[in-house]
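Asker:
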Amino acid sequence: MRLNRLGTIIQFQPKSKQTVISISPAQSPPAPEFIWKVFKESAMSAKYYVTLTDHGSQLVAGAHHVQTINLTEMVIGDANDIPYLPIDKKDLTQLVHQTAAVEIHEIKIADGVATVSAIIPANIGGFNIHEIGLKDASGQLVYIGNYHGAYKPIIAEGAGGELEIVIDIKASSGAEALIEINPFIISADKAWVLEKFDSLLADIQREREQNAQEILAMGNQIKSLKQEVENLKTELNEQISIQDIVNQLYPVGSVSLSTPLNGVNGIVWGGLGSTYDVNPYTFKRTA
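So for the sequence shown, the UniProt record's numbering puts the first residue at 1; every next one is plus one.
If you want it as structure tokens, here you go:
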């Protein structure tokens, strides 16, 4: 992504939620003595715009293929409620009165255009936005711009929301500078978030289906165990009923015989004073 040396002319137009800043560089680098004239005449046609600061111009002039300009944050301010033209403040390295600074959300480069975006959170506000800027890793302004003075409310005031500011920087064939996001800042664009969300949602759905199958299998096992318990209860009840009948028919007890009891094969059991246990299964002498 290449930027025109010093001859960059920038205009911007607010659009509902997004603030789009269009950069229209000259086709070739102008001679230094004509830079200010061209820049001022072009800027005069736009009411709100951003421009390279002196620091930014030096970066662009000294940049080449192996050097990059790392934009790290976007800043906004109220300019002490005194609006100004950016071309009159190119010497500034900081906004007149900065009220907030946010990390650059993302920088996309496509078809010779670098799109720089940042989101002002809902909890930041309570002031009118009159100035904006882009800083590099040194903390100095590379671009400075004015804003239409819109009030940025916060939720506590009964209204509020995020404000997304998007800057489109168009390249030219004479450029020798690159714009890159700070490599130490990790950010996710909307497409990545949506893709990640869909992936996580699919994982959750698969886990739910797997859990449902496991729960169904556990339910079947519980049902089978309950049936086994019922079968055991029925079998036990039947056994108890049979035992009751046997006990009623053949009560357990003892009997005393005063006379010998003839047994099998001529065996004589007991006699006077002998005691025998009598039950459904045994008939044995106990005394």
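The beta-carbon is built from N, C-alpha and C at its ideal position, and this holds for glycine as well.
Just the C-alpha distance for GLY161 and GLY125, rounded to the nearest angstrom, thanks.
Answerer: Answer to the nearest angstrom: the Cα atoms are 9 Å apart.
Asker: Tell me, please, which residues DSSP counts as bridged to MET74.
Answerer: Per DSSP, VAL102, LEU134.
Asker: Grab the span of the alpha helix (DSSP H) containing VAL60 for me, first residue to last.
Answerer: Where VAL60 is concerned, the enclosing alpha helix (DSSP H) stretches over 54 to 62.
Asker: Going straight from the alpha carbon of ILE109 to that of ALA122, what length do you get?
Answerer: Approximately 27 Å between the Cα atoms of the pair.
Asker: With distances taken from CA atoms, which of THR72, SER57, ILE120, THR115 is nearest ALA137?
Answerer: Out of THR72, SER57, ILE120, THR115, THR72 has the C-alpha closest to the C-alpha of ALA137.
Asker: Please classify ASP111: does DSSP put it in a helix, a strand, or coil?
Answerer: The answer is coil: DSSP assigns ASP111 none of H, G, I, E or B.
Asker: Identify the continuous beta strand (DSSP E) that holds LEU141 and give its terminal residues.
Answerer: Looking at the DSSP string, the run of the beta strand (DSSP E) that includes LEU141 is 141 to 146.
Asker: Taking CB distances under 7 Å as the criterion, tell me whether ASP81 reaches chain B.
Answerer: Among the chains of the structure shown, chain B does not appear; only one protein chain is present.
Asker: Exposed or buried, ASP78, counting other C-beta atoms within 10 Å across all chains shown (16 or more means buried)?
Answerer: Buried, because 16 or more other Cβ atoms sit within 10 Å of the Cβ of ASP78.
Asker: Assuming VAL116 and ILE107 make a contact with CB atoms under 8 Å, what is their CB distance in whole Å?
Answerer: The Cβ separation is near 5 Å, so the contact holds.
Asker: With contact counted as at least three CB pairs below 8 Å, one residue from each stretch, are the stretch 96 to 106 and the stretch 140 to 151 in contact?
Answerer: The stretch 96 to 106 vs the stretch 140 to 151: no contact.
Asker: Considering only C-alpha positions, which residue in the set LEU236, ILE69, TYR48 is nearest to SER57?
Answerer: SER57 has its Cα closest to that of ILE69, out of LEU236, ILE69, TYR48.
Asker: Among all the DSSP beta bridges, which residues are the ones paired with LEU225?
Answerer: Beta-bridge pairing links LEU225 to no other residue.
Asker: Mind checking whether ALA114 and VAL75 have CB atoms under 7 Å apart?
Answerer: For ALA114 and VAL75, no; Cβs fall outside 7 Å.
Asker: Spell out the partners DSSP gives ASN128 in its beta bridges.
Answerer: According to DSSP, which records beta bridges pairwise, ASN128 is partnered with TYR151.
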